[in-house]
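Below is one structure; the comments refer to it alone.
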Ligand code: NAD
Ligand code: MG
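Numbering (the numbering used here), first residue to last: 503 to 895.
Given below as structure tokens:
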């Protein structure tokens with residue numbers, strides 16, 4: 503039995519992971535489940551999967567969950583806060599850790615799993631964006647394994663000849679191409695962007711996801727974050743990473759080789775495919791996903807992204823060029839902007855403005871320690887909060 507810890511169990515990736523695990527009860531055992539606030543869902547997950555530990559962010563909620571589980575699942579130990587997350591990420595019975603917390607909040611527990619030498623299934627792209635160099639250094643130092651869950655990176659991983667190694671050129675790779683659905687506003691005129699509502703931004707045409715990544719997909723910042731993610735994960739330079747709009751979301755990404763061959767991974771848009779791939783790797787097993795019906799699809803389209811309506815993508819390339827703490831600044835500014843947008847306190851078109859201003863004003867340190875990056879994250883959040891307050895004041 504393979505022990506699995508799930509960080510962010512109640513979210514979209516967490517629930518999809520439990521769905522795949524349920525299909526293979528003789529293969530996987532759930533060791534830990536964590537959530538921030540969703541006590542009700544975590545409770546029913548605990549009753550169903552009987553983990554050794556369950557974690558909620560605050561101590562009062564954790565005590566309430568422990569009380570509720572006393573009769574129905576008394577074997578579950580309930581923990582709270584950062585220590586609880588650390589325990590879930592490093593549990594000795596966890597062979598694999600699904601890192602599916604959203605945002606910078608996932609960095610420390612994901613890094614803890616890496617430092618414990620775990621096999622880390624990485625959905626939490628913000629952790630890599632914030633601290634990519636340190637993260638990958640820790641992967642090498644502690645002989646951890648990172649398997650990408652993001653569908654594009656998982657696709658690239660599947661199309662590379664060897665597991666993630668030192669750089670693309672030695673593997674004969676010329677370029678990697680990340681596909682992007684284009685999100686809900688692919689054809690929306692720019693003059694209407696200021697009136698975009700959170701509900702419209704979260705209505706993704708192809709994927710059912712958490713709110714933050716849905717807004718990121720709508721602004722193309724998700725693709726920007728993924729370019730940075732690919733930069734660190736595959737040691738690809740910015741000019742080796744191309745983005746192409748592909749509205750059908752069937753081709754999840756492509757690898758172009760020196761000899762002109764292009765390998766791509768195709769599947770229906772369902773996160774259970776990359777999740778099952780990473781759980782089972784290097785083997786394969788079912789994911790509960792229907793097979794592709796190519797004649798029914800009929801057409802697959804590809805187009806260039808529009809840099810005028812979606813400036814976030816270029817900001818991500820700029821952050822790679824600036825290096826150092828710039829990706830951490832970009833990530834923190836984006837998290838603050840998206841959170842205010844979701845609360846109707848900021849217009850959709852102001853999201854790239856905030857990120858660009860923060861990058862210009864705050865990024866600059868070239869070599870950054872983990873402490874520096876956490877400090878940069880906090881400083882950027884304060885600055886972005888003030889910026890939003892000024893806009894609405
Ligand atoms: P979600 O909002 O649905 O779920 C987030 C999970 O993290 C929840 O369990 C929540 O309780 C937990 N969480 C949130 N903030 C936390 C905090 N401060 N401390 C502890 N736990 C916290 O998000 P999601 O859509 O499942 O995305 C999770 C991650 O996976 C993101 O980084 C996202 O970019 C990435 N990802 C998601 C998808 C997808 O299809 N949903 C695809 C690719 C990548
Ligand atoms: Mg993706």
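Idealized CB from N, CA, C, for every residue including glycine. These numbers come from a predicted model, not from an experiment.
Counting the other Cβ atoms within 10 Å of the Cβ of residue 785 gives fewer than 16, which makes it exposed. Set against 6 Å, the gap from the CB of residue 654 to the closest heavy atom of ligand 2 is smaller.
Among the bridge pairs identified by DSSP, residue 515 is matched with none. Per the coordinates, the alpha-carbon of residue 587 lies some 7 Å from the alpha-carbon of residue 509. In this structure, DSSP gives residue 769 a state outside helix and strand, which the three-state scheme calls coil. The Cβ atoms of residue 558 and residue 582 lie closer than 7 Å to each other. A straight line joining the alpha-carbon of residue 503 with that of residue 791 spans about 23 Å. Of the heavy atoms belonging to ligand 1, at least one sits nearer than 6 Å to the Cβ of residue 604. Distance from residue 740 to residue 658 at the Cβ level is roughly 15 Å; contact not present, criterion being Cβ atoms closer than 8 Å.
Distances from the CB of residue 559 to the heavy atoms of ligand 1 include at least one below 6 Å. Here the alpha carbons of residue 818 and residue 851 stand approximately 17 Å from one another. Looking only at 809, 672, 633 and 756, the smallest Cα-Cα distance to residue 832 is reached by 633.
The Cβ-Cβ distance between residue 683 and residue 755 does not fall below 7 Å. About 4 Å separates the Cβ atoms of residue 537 and residue 512, confirming a contact at the 8 Å cut-off.
Taking C-beta atoms as the reference points, residue 878 and residue 795 fail to come closer than 7 Å.
For residue 600, the enclosing beta strand (DSSP E) begins and ends at 598–601. For residue 782, DSSP assigns no beta-bridge partner whatsoever.
DSSP places residue 856 within a helical segment (H, G or I) once states are collapsed to three. Between residue 835 and residue 857 the beta-carbon gap is near 4 Å, inside 8 Å, which marks them as a contact. Between residue 555 and residue 574 the beta-carbon gap is near 16 Å, outside 8 Å, which marks them as no contact. Residue 704 sits buried, since 16 or more C-beta atoms from the chains shown fall within 10 Å of its C-beta. Taken through DSSP and simplified to helix, strand or coil, residue 677 comes out as strand.
In the assembly as shown, residue 524 is an exposed residue. Its beta-carbon has fewer than 16 other beta-carbons within 10 Å. With a cutoff of 7 Å on beta-carbon distance, residue 716 and residue 706 are scored as near each other. For residue 643, the three-state secondary structure derived from DSSP is helix. Within the same chain, 826 and 827 come within 6 Å of residue 870 by CB-CB distance, once the 5 residues on both sides are set aside. Boundaries cannot be given for residue 742, as no alpha helix (DSSP H) includes it and DSSP labels it neither H nor E. Taking 3 residues as the minimum length, the beta strand (DSSP E) runs contained wholly in the region 578–643 are 579–582, 598–601 and 621–624, in order along the chain.
A distance below 7 Å separates the beta carbons of residue 829 and residue 631. Distances from the CA of residue 700 to each of 688, 718, 893 and 693 were compared; the closest alpha carbon is that of 718. Per DSSP, reduced to three states, the secondary structure at residue 649 is strand.
Relative to ligand 1, even the nearest heavy atom lies 6 Å or more away from the CB of residue 833. By DSSP's assignment, residue 891 forms no beta bridge with any residue. Our two residues, residue 773 and residue 515, have alpha carbons roughly 7 Å apart in a direct line. DSSP places residue 536 within a strand segment (E or B) once states are collapsed to three. Between ligand 1 and residue 545, a heavy atom-to-CB distance of less than 6 Å is absent.
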